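Under my numbering, think of the first position of the sequence shown as 416, with each following residue one higher.
Just so it is clear, CB atoms sit at the ideal spot from N, CA and C, and this is done for glycine as well.
Every value quoted in this text rests on a predicted model; they were computed, and no experiment measured them.
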Amino acid sequence: MAGVFDRLVGQGAVESELTAAAVAARDGAGSSSAMTHSWLFTGPPGSGRSVAALCFAAALQCTDAGSPGCGRCHACTTTMAGTHGDVRRVVPEGLSIGTKEMREIVQVASRRPSTGRWQVVVVEDADRLTEAAGNVLLKVVEEPPARTVFLLCAPSVDPEDISVTLRSRCRHVHLATPSVESIARVLRERDGLDDKVAGWAASVSGGHVGRARRLATDDDARARRRRALALVAATARPAQAYAAADELVKSADDEAKLVSADRDEKERDALATALGAGGTGKGTASATRGSAGALKDLEKRQKSRATRTGRDALDRSLIDVAGLYRDALAVRFGAAAADSSSGVTLTHPDMADQIRELATDVRPEGLLLSIQAVLDCREALETNVKPRFALAAMVAALMAARSA
Numbered sequence: 416m417a418g419v420f421d422r423l424v425g426q427g428a429v430e431s432e433l434t435a436a437a438v439a440a441r442d443g444a445g446s447s448s449a450m451t452h453s454w455l456f457t458g459p460p461g462s463g464r465s466v467a468a469l470c471f472a473a474a475l476q477c478t479d480a481g482s483p484g485c486g487r488c489h490a491c492t493t494t495m496a497g498t499h500g501d502v503r504r505v506v507p508e509g510l511s512i513g514t515k516e517m518r519e520i521v522q523v524a525s526r527r528p529s530t531g532r533w534q535v536v537v538v539e540d541a542d543r544l545t546e547a548a549g550n551v552l553l554k555v556v557e558e559p560p561a562r563t564v565f566l567l568c569a570p571s572v573d574p575e576d577i578s579v580t581l582r583s584r585c586r587h588v589h590l591a592t593p594s595v596e597s598i599a600r601v602l603r604e605r606d607g608l609d610d611k612v613a614g615w616a617a618s619v620s621g622g623h624v625g626r627a628r629r630l631a632t633d634d635d636a637r638a639r640r641r642r643a644l645a646l647v648a649a650t651a652r653p654a655q656a657y658a659a660a661d662e663l664v665k666s667a668d669d670e671a672k673l674v675s676a677d678r679d680e681k682e683r684d685a686l687a688t689a690l691g692a693g694g695t696g697k698g699t700a701s702a703t704r705g706s707a708g709a710l711k712d713l714e715k716r717q718k719s720r721a722t723r724t725g726r727d728a729l730d731r732s733l734i735d736v737a738g739l740y741r742d743a744l745a746v747r748f749g750a751a752a753a754d755s756s757s758g759v760t761l762t763h764p765d766m767a768d769q770i771r772e773l774a775t776d777v778r779p780e781g782l783l784l785s786i787q788a789v790l791d792c793r794e795a796l797e798t799n800v801k802p803r804f805a806l807a808a809m810v811a812a813l814m815a816a817r818s819a
């Protein structure tokens, strides 16, 4: 069986650094001074920053006498499966990670490990920490418990993603975007896909391994990408452009409902059972007395999670749109050929005809304005502007940029 770090794609330097750190921590004979207690993993979407953090957690807990992160021992398998008693993952399901959730995690993390060498907390998407939640985390990171390690994941070290103070308390590990060939190799060897499909999915995934896998295996994912890219052509026809934008919003909402439906129902059933639904004993009435409040809290969390899922789906579409304008700009300046035969690698190499047409029809100034319009739309969505309004404003800007 391969070691846990084999899950990383194209990150040889990171694997070496983390393996060396795990060896140093183990050879320190349990001394907390041999271990950095807070780490920050950064990298673009799809680079595998949360995977790297989880692999490192497994390596720290690994009980194999050989290289840490063997992937075979009980500590490694339970960590990677999410069932290790001393490894906790904070995965934001809503729009942010709040103070209450972080205080609960910090309280648990302050305990001594029960079975493993370390108490490990993996905070995925640490850029979603509210300011107050970040301050709660900062206090414990500044004076960490002797046997606790915090592994934070964020897109970058920019203050918009992680506070300067929190970042200064962490050892930084940066992951690069995997190459097209390394992603294609993973799809061929681990997923059993043929060369043509693996190569195409890797080339249009933007360096995102998970997205490449979805595009290669999911018809709906491919359809969503086509709809996103069709919006660019639709901006030449105002009557169609706004309809195309509305279709993108609807598609994102549908995806969120599809992803959430089954999980929401299971959570409601589990909560109802915990509250005594269907019971007939003497204590049934008192057990269910506070059920309305508990159900309301659950519905609130589920609604927040669905909103986040929809925003993430819409953001992926916007990144595709921005990528098409970027490709046209590269072709316009001769930095890339529309057939990807030379120069800069295109984001959408399978859209050569549309890229060439866009580069011909729109001036460089207009292409730059178009990219800015998409970025402005993404920022508006992050500040909770309603998606339909944000995309309508973006479409108006894209149409105006065509004549810039």
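Rounded separation between V601 and V424 - CA only: Locating residue 601 in the sequence shown gives position 186, counting from the first residue. Locating residue 424 in the sequence shown gives position 9, counting from the first residue. The alpha-carbon atoms of V601 and V424 are separated by roughly 8 Å.
Pick from W615, G725, A656 that is closest to L666, judged by C-alpha positions: Translated into positions along the sequence shown, residue 666 becomes position 251. Checking the sequence, you will find Ser at residue 666 rather than Leu. Residue G725 is the option with its Cα nearest to S666.
Best match in L782, A649, D727, A656 for proximity to V746 [C-alpha to C-alpha]: As a working mapping, residue 746 is identified with position 331 in the sequence shown. Checking every option, the nearest Cα to that of V746 belongs to L782.
Identity of the residue in F456, T530, T632, I786 nearest C845 by Cα: No answer is possible for residue 845: the residues shown for the chain start at 416 and end at 819.
N550 versus E432, R527, T580, residue with shortest Cα-Cα distance: On the sequence shown, residue 550 is found 135 positions in, with the first residue counted as 1. For N550, the nearest C-alpha among the options comes from T580.
P460 and D501 closer than 8 Å at C-beta: The count along the sequence shown starts at 1 and reaches residue 460 at position 45. The count along the sequence shown starts at 1 and reaches residue 501 at position 86. No, Cβ-Cβ distance for P460 and D501 is not below 8 Å.
Own chain residues within Cβ distance below 8 Å of R629, not counting five before or after: Position 214 of the sequence shown, counting from 1, holds the residue named residue 629. A636.
Element boundaries [alpha helix (DSSP H), containing T457]: Locating residue 457 in the sequence shown gives position 42, counting from the first residue. Run containing T457: none in the alpha helix (DSSP H); it sits in the beta strand (DSSP E), 453-457.
Outcome for F748 when other beta-carbon atoms lying within 10 angstroms are tallied against a minimum of 16: For the purposes of this step, residue 748 is taken as residue 333 along the sequence shown, with counting starting at 1. Classification for F748: exposed.
Beta-carbon contacts of A631 that lie in its chain and below 8 Å, excluding the five residues immediately before and after: For the purposes of this step, residue 631 is taken as residue 216 along the sequence shown, with counting starting at 1. The answer, listed in chain order, is L602, D606, L608, V612, A613, W615, A616.
Endpoints, alpha helix (DSSP H) assigned at R441: Looking up residue 441 in the sequence shown gives position 26. Its alpha helix (DSSP H) spans residues 427-442.
Endpoints, the alpha helix (DSSP H) within which L475 is located: What you label residue 475 is simply residue 60 of the sequence shown in a count that begins at 1. First-last of the alpha helix (DSSP H) with L475: 464-476.
The alpha helix (DSSP H) enclosing W803, as first and last residue numbers: Taking the sequence shown and counting its residues from 1, one reaches residue 803 at position 388. Sequence check: residue 803 is Arg here, not Trp. Taken as a continuous stretch (DSSP letters only), the alpha helix (DSSP H) holding R803 covers 802-816.
DSSP state of H489 mapped onto helix, strand, coil: The count along the sequence shown starts at 1 and reaches residue 489 at position 74. Helix, per DSSP.
Limits of the unbroken alpha helix (DSSP H) element including R642: Working through the sequence shown from its first residue, we reach residue 642 at position 227. Here the alpha helix (DSSP H) through R642 covers 634-649.
Beta-carbon contacts of G445 that lie in its chain and below 6 Å, excluding the five residues immediately before and after: If you number the sequence shown from 1, residue 445 lands on position 30. Model confidence at G445 stands at a pLDDT of 49, short of 50, so the residue's coordinates are unreliable; what they give is reported in the following sentence. None.
Neighbourhood of L739 by C-beta distance below 8 Å, restricted to the same chain and skipping five residues each side: Taking the sequence shown and counting its residues from 1, one reaches residue 739 at position 324. Contacts found: L644, V647, T762, H763, M766, Q769, I770, L773.
Pick from A439, A524, A788, G484 that is closest to V556, judged by C-alpha positions: The residue labelled residue 556 in the question sits at position 141 within the sequence shown. Cα-wise, what sits closest to V556 is A524.
Whole-angstrom distance between G622 and S594, CA atom to CA atom: The residue you call residue 594 lines up with position 179 of the sequence shown. The residue you call residue 622 lines up with position 207 of the sequence shown. The straight-line gap from Cα to Cα measures roughly 7 Å.
Start-end ranges of the alpha helix (DSSP H) lying completely within the stretch 565-635, minimum 4 residues: 579-583, 595-604, 610-619, 624-632
Three-state class that DSSP yields for T514 in the structure shown: Sequence index remark: in the sequence shown, residue 514 carries index 99 (1-based). The answer is helix: DSSP assigns T514 an H, G or I state.
Under 8 Å between C-beta atoms of G509 and R720: Your numbering for residue 509 matches position 94 in the sequence shown. Your numbering for residue 720 matches position 305 in the sequence shown. Contact: yes.
Status (buried if at least 16 other CB within 10 Å, exposed otherwise) for P653: Here residue 653 refers to the residue found at position 238 when the sequence shown is read from its first residue. Exposed, because fewer than 16 other Cβ atoms sit within 10 Å of the Cβ of P653.
Per-residue DSSP class, three states only, for L739: Within the sequence shown, numbered from 1, the residue matching residue 739 stands at position 324. Helix.
Cβ neighbours of M450 in the same chain (closer than 6 Å, five flanking residues each side left out): Locating residue 450 in the sequence shown gives position 35, counting from the first residue. If we look at M450 and ignore the five residues flanking it on each side, its Cβ neighbours are A440.
A474 burial status per 10 Å Cβ neighbour count (16 or more: buried): The count along the sequence shown starts at 1 and reaches residue 474 at position 59. Buried is the call here.
R527 (DSSP reduced to helix, strand or coil): In the sequence shown, residue 527 corresponds to position 112, counting from 1. Here R527 sits in coil by DSSP.
Contact check, S785 vs L813, beta carbons under 8 Å: Against the sequence shown, residue 785 aligns to sequence position 370. Against the sequence shown, residue 813 aligns to sequence position 398. Taking 8 Å as the Cβ cut-off, S785 and L813 qualify as a contacting pair.
Short Cβ contact (8 Å threshold) for C568 with V538: Along the sequence shown, read from residue 1 onward, the residue named residue 568 stands at position 153. Along the sequence shown, read from residue 1 onward, the residue named residue 538 stands at position 123. A contact, by the Cβ cut-off of 8 Å.
Whole-angstrom distance between R487 and R562, CA atom to CA atom: In the sequence shown, residue 562 corresponds to position 147, counting from 1. In the sequence shown, residue 487 corresponds to position 72, counting from 1. About 24 Å.
Beta strand (DSSP E) segment containing R503, residue limits: Reading the sequence shown from its first residue, position 88 is the one you call residue 503. Here the beta strand (DSSP E) through R503 covers 502-505.
Cβ-Cβ distance between A490 and T478 below 8 Å: The residue you call residue 490 lines up with position 75 of the sequence shown. The residue you call residue 478 lines up with position 63 of the sequence shown. For A490 and T478, yes; Cβs fall inside 8 Å.
Distance, D576 Cα to A541 Cα: Residue numbering aside, residue 541 sits at position 126 when the sequence shown is read from its first letter. Residue numbering aside, residue 576 sits at position 161 when the sequence shown is read from its first letter. Computed Cα separation, rounded: 8 Å.
Pair within 8 Å by beta-carbon distance, Q410 and A468: Shown here, the chain extends from 416 to 819; a query on residue 410 therefore has no answer.
Bridge partners - V538, DSSP secondary structure assignment: Here residue 538 refers to the residue found at position 123 of the sequence shown. BP columns for V538 point to V505, L567.
Coil, strand or helix - L790 by DSSP: On the sequence shown, position 375 is the one that residue 790 refers to. In the structure shown, L790 sits in a helix (DSSP, three-state: H, G or I).
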